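Q: My structure is below; once you've seen it, I'll send some questions.
Chains as they are written, first to last, in our numbering: chain A, 34 to 88; chain B, 12 to 229; chain C, 23 to 266; chain D, 426 to 632.
So this is what it looks like as structure tokens:
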């Protein structure tokens with residue numbers, strides 16, 4: 034499956050592993066924060082609807 | 012503007028602390044280094060230019076947050092901003108006062124401390140000239156960092172993070188000049204380049220500092 | 023209507039809502055193609071052996087690390103001049119992505135450097151410049167997070183970005199002067215039209231670069247949407263507090 | 426000489442605090458701003474002094490005509506009273522500090538360091554700076570805080586002198602200074618509401 038990387042196998046594999054890990058973490062954090070903020074906003078939006086502007 | 016400079020210097024002298032602190036830190040650093048790397052004269056001579064430059068830079072960082080913080084806390088900054096003095100001028104004067112109380116003493120102290128670190132005699136003029144030309148840039152850039160963080164409660168550490176990468180070119184040329192001087196080479200090129208950076212920052216950074224101050228006062 | 027209408031948060035949300043899924047698919051496809059092609063189906067270099075495969079990560083991430091900063095510079099200027107909120111939030115959203123790209127470029131460079139130059143790290147001009155860029159990103163992000171008032175934070179970070187760009191450029195030349203490096207010349211000389219790598223490596227590299235670019239755009243758009251929501255949330259909460 | 430503002434909206438931080446404020450003031454007149462804490466008096470004064478740009482509306486005078494005195498005294502503990510006065514006189518290009526000394530009875534304090542002064546004395550020193558500015562329009566934020574009855578009367582006297590010399594003043598205060606021809610402006614009704622808020626992130630169509 035994995036092509037023969039010769040004596041540099043460790044270097045190449047670790048470069049790919051670390052990079053993909055970092056990208057995955059970035060994407061995961063972005064998605065997670067997007068979800069959290071969206072949820073909080075929906076709650077606030079609902080509260081605002083429930084108690085219409087008192088001004 | 013001269014009045015502001017005189018006031019800042021007066022406060023620096025009377026308030027104590029800020030004035031001697033940077034210098035004391037510089038001294039302590041230069042005394043500690045030989046304990047860290049061993050007393051061998053050859054080793055010390057090799058690293059002395061770098062240590063002296065890094066030490067001066069860190070000593071400079073130490074007092075940056077005081078440039079605007081105290082004036083912002085007691086409301087003086089609001090009054091200065093509404094006064095006829097242009098904020099750019101005030102920022103320049105503040106930087107000058109900072110240099111007179113930190114950069115200048117550091118420059119003067121560098122020669123004797125160089126002896127302590129076994130700095131080759133031929134490097135001393137280059138080091139002192141480099142510090143004299145470079146520390147003004149450190150003060151001006153530091154004033155910009157202080158202006159950015161003036162509204163923050165825990166600004167001290169943030170200033171260091173913001174300002175350090177901006178210090179890089181000055182540090183690089185300054186240490187390079189001193190190193191070339193130590194090897195008996197001609198070091199005018201890095202010195203000129205550094206002087207150029209200093210001139211540029213003195214001319215332009217006050218505008219950035221004043222802009223940052225205005226944004227923070229809003 | 024001009025491009026400026028997209029600087030309105032409402033319009034931005036509406037446009038990116040349908041744009042984002044398509045762009046995401048395209049980004050996943052191209053990053054996947056570029057990396058899989060590069061990893062599985064390219065020959066080893068006769069000199070560098072299999073380490074040449076690292077190029078498909080290293081070059082695109084380094085490219086995006088610089089492009090992200092350039093993009094932040096442009097959006098910062100737009101914010102300072104025209105005060106479009108979305109522009110400021112784009113810069114804010116881009117910074118952490120740029121930081122990760124710089125980190126990837128640094129790490130893959132180190133891993134590549136070890137077998138090639140015999141060291142993970144050398145104070146080579148390019149490496150040093152990237153380290154300085156990394157510090158700039160850190161400072162920029164820290165300033166965004168430290169300032170409470172969002173518009174002020176946008177103002178201050180924009181000024182920092184401008185000043186930082188000048189100094190990043192200065193550092194680049196200063197570092198060159200200081201130490202002539204080990205690093206090879208650029209692999210993708212767009213300006214000259216010449217190539218230093220052969221087609222076998224170049225085509226997957228191009229795809230990978232396009233993929234990293236798309237991935238950056240997708241992440242920035244996604245994060246900007248989040249930032250816009252966060253700003254709205256803040257405004258709503260402030261109104262709630264004012265009402266009670 | 427008239428000082429006018431029309432449909433003025435001012436922000437503090439990201440939020441528009443007051444909007445639709447307008448007033449007209451002529452030389453020799455004082456305007457007293459009323460309103461509970463947090464109603465936007467400070468924000469309005471900072472806006473008039475040019476520290477925060479107005480969100481909307483127009484002001485007929487330049488910030489360079491305004492002498493601003495904030496909550497904070499803006500004094501340095503390590504300086505003497507005389508040094509403080511001389512410093513600000515130089516900053517504002519005033520030749521003579523005697524009007525400030527006489528107007529606020531600072532004569533006996535001249536050689537004292539600021540950190541030895543009481544809160545009321547500091548306040549007096551801080552307000553005496555207004556005379557040194559030589560500016561026509563005073564914008565004062567709670568000027569009488571920590572002043573005793575006598576000092577308040579003294580301060581009212583100084584303001585009256587300023588008004589009779591053709592100056593004007595906008596004062597946010599809760600107490601009655603007994604100024605002649607003072608006009609009152611209650612800014613409570615101008616508090617920004619959801620309808621007047623221009624924050625683009627509050628657009629109902631956003632989501």
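Ideal Cβ positions, reconstructed from N, Cα and C, are used throughout, including at glycine.
Values in this document were obtained by computation on a predicted structure and should not be read as measured data.
Using the three-state DSSP reduction, which class does residue 527 of chain D fall into: helix, strand or coil?
A: Residue numbering aside, residue 527 of chain D sits at position 102 when the fourth chain is read from its first letter. Of the three classes helix, strand and coil, the one that applies to residue 527 of chain D here is helix, per DSSP.
Q: Mind reading off the beta-carbon distance from residue 34 of chain C to residue 96 of chain C? Whole number of angstroms is fine, and I expect it under 8 Å.
A: Residue mapping note: residue 34 of chain C aligns to position 12 of the third chain, counting from 1. Residue mapping note: residue 96 of chain C aligns to position 74 of the third chain, counting from 1. That pair is no contact at about 16 Å.
Q: Taking the alpha-carbon of residue 158 of chain C as reference, which of B/122, B/154 and B/178 has the nearest alpha-carbon?
A: What you label residue 158 of chain C is simply residue 136 of the third chain in a count that begins at 1. Minimum Cα distance to residue 158 of chain C is reached at B/178.
Q: Does any residue of chain B bring its CB to less than 8 Å from the CB of residue 477 of chain D?
A: As a first step, residue 477 of chain D is located in the fourth chain; it is residue number 52 there, counting from the start. Interface residue, yes.
Q: Please compile the residues from chain C whose C-beta is within a distance smaller than 7 Å of the C-beta of residue 226 of chain B.
A: The residue you call residue 226 of chain B lines up with position 215 of the second chain. Correct list: 174, 177 and 178.
Q: Does residue 57 of chain A come within less than 8 Å of chain C when only Cβ atoms are used?
A: Counting from 1 along the first chain, the entry for residue 57 of chain A is found at position 24. So, not an interface residue.
Q: By DSSP, does residue 429 of chain D sit in helix, in strand, or in coil?
A: Taking the first residue of the fourth chain as position 1, residue 429 of chain D is located at position 4. Strand at residue 429 of chain D.
Q: Please identify, using Cβ separations under 9 Å, the residues of the region 91-106 of chain B that lie next to chain D, in order along the chain.
A: Listed by position, the residues of the region 91-106 of chain B near chain D (Cβ gap below 9 Å) are 91, 92, 93, 94, 95 and 96.
Q: Would you list, in chain order, the members of the region 96-123 of chain C that have their beta-carbon closer than 8 Å to a beta-carbon of chain A?
A: For the region 96-123 of chain C, which is checked against every Cβ of chain A, the residues closer than 8 Å are 118, 119 and 122.
Q: Here's the rule: buried if 16 or more other CB atoms are within 10 angstroms of the residue's CB, otherwise exposed. What is residue 575 of chain D?
A: Taking the fourth chain and counting its residues from 1, one reaches residue 575 of chain D at position 150. So residue 575 of chain D ends up on the exposed side.
Q: Got a sec, what are the start and stop residues for the alpha helix (DSSP H) residue 609 of chain D sits in?
A: Along the fourth chain, one-based indexing puts residue 609 of chain D at 184. Not the alpha helix (DSSP H): residue 609 of chain D falls in the beta strand (DSSP E), residues 608-611.
Q: Quick check on residue 76 of chain B - is its C-beta less than 8 Å from some C-beta in chain F?
A: Of the protein chains in the structure, A, B, C and D, none is chain F.
Q: Confirm, please, whether the CB-CB distance from residue 216 of chain B to residue 177 of chain C is below 8 Å.
A: Indexing the third chain from 1 puts residue 177 of chain C at position 155. Indexing the second chain from 1 puts residue 216 of chain B at position 205. Taking 8 Å as the Cβ cut-off, residue 177 of chain C and residue 216 of chain B do not qualify as a contacting pair.
Q: At 7 Å on the CB atoms, spell out the chain A contacts of residue 252 of chain C, in chain order.
A: Here residue 252 of chain C is taken as the residue at index 230 of the third chain, counted from 1. Ordered by position in chain A, the residues that pass the 7 Å Cβ test against residue 252 of chain C are 70.
Q: Given a cut-off of 8 Å, decide if residue 530 of chain D and residue 556 of chain D are closer than it, judged by their beta-carbon atoms.
A: Within the fourth chain, numbered from 1, the residue matching residue 556 of chain D stands at position 131. Within the fourth chain, numbered from 1, the residue matching residue 530 of chain D stands at position 105. Cβ atoms of residue 556 of chain D and residue 530 of chain D: not closer than 8 Å.
Q: Find the residues of chain C that neighbour residue 627 of chain D, judging by a C-beta separation of less than 8 Å, and give them in chain order.
A: The count along the fourth chain starts at 1 and reaches residue 627 of chain D at position 202. Simply 254, 257, 258 and 261.
Q: What does residue 448 of chain D pair with, by DSSP beta-bridge criteria?
A: Within the fourth chain, numbered from 1, the residue matching residue 448 of chain D stands at position 23. D/430, per the DSSP bridge assignment.
Q: Against chain A, with Cβ distances strictly below 8 Å, would residue 134 of chain C count as a contact?
A: Translated into the one-based positions of the third chain, residue 134 of chain C becomes position 112. With 8 Å as the cut-off, residue 134 of chain C counts as an interface residue toward chain A.
Q: Taking just the CA atoms, how far does residue 431 of chain D sit from residue 469 of chain D?
A: Position 44 of the fourth chain holds residue 469 of chain D. Position 6 of the fourth chain holds residue 431 of chain D. Computed Cα separation, rounded: 12 Å.
Q: Would you call the region 50-66 of chain C and the region 228-238 of chain C touching, i.e. three or more CB-CB distances under 8 Å?
A: The region 50-66 of chain C is in contact with the region 228-238 of chain C.
Q: Counting only C-beta atoms, is residue 71 of chain C closer than 8 Å to chain A at any point?
A: On the third chain, residue 71 of chain C is found 49 positions in, with the first residue counted as 1. Yes, residue 71 of chain C lies at the interface with chain A (some Cβ there is under 8 Å from its Cβ).
Q: Taking just the CA atoms, how far does residue 243 of chain C sit from residue 38 of chain C?
A: Taking the first residue of the third chain as position 1, residue 38 of chain C is located at position 16. Taking the first residue of the third chain as position 1, residue 243 of chain C is located at position 221. The straight-line gap from Cα to Cα measures roughly 7 Å.
Q: With distances taken from CA atoms, which of D/560, D/536 and D/444 is nearest residue 481 of chain D?
A: Within the fourth chain, the letter at position 56 stands for residue 481 of chain D. The candidate whose alpha carbon is nearest that of residue 481 of chain D is D/444.
Q: Residue 42 of chain C and residue 240 of chain C - do their beta-carbons sit closer together than 8 Å?
A: Here residue 240 of chain C is taken as the residue at index 218 of the third chain, counted from 1. Here residue 42 of chain C is taken as the residue at index 20 of the third chain, counted from 1. Contact flag set, yes.
Q: In chain C, which residues lie with their C-beta within 7 Å of the C-beta of residue 77 of chain A?
A: On the first chain, position 44 is the one that residue 77 of chain A refers to. Those are 255, 258 and 259, listed as they occur along chain C.
Q: Just to confirm my understanding: we take residue 163 of chain C, look at its own chain, exclude 5 residues before and 5 after, and list those with CB closer than 8 Å. What are they?
A: Here residue 163 of chain C corresponds to residue number 141 of the third chain, with the count starting at 1. So the qualifying residues of the chain are 117, 118 and 121.
Q: Apart from the five residues just before and just after residue 138 of chain C, which ones in its own chain have a Cβ nearer than 7 Å to its Cβ?
A: Mapped onto the third chain, residue 138 of chain C falls at position 116. So the qualifying residues of the chain are 70 and 73.
Q: When you check each C-beta in the region 175-198 of chain B against every C-beta of chain C, which residues fall closer than 7 Å?
A: From the region 175-198 of chain B, only 175, 176, 177, 179, 180, 183, 184 and 187 have a Cβ closer than 7 Å to chain C.
Q: Please list, in chain order, all residues of the same chain as residue 202 of chain B whose beta carbon is under 8 Å from its beta carbon, the five residues on each side excluded.
A: Counting from one through the second chain, the residue named residue 202 of chain B turns up at place 191. Excluding positions up to five away in sequence, the list reads 137, 140, 141, 144, 184 and 188.
Q: Within 8 Å, do at least three Cβ pairs link the region 515-524 of chain D to the region 440-460 of chain D?
A: No: fewer than three Cβ pairs fall under 8 Å.
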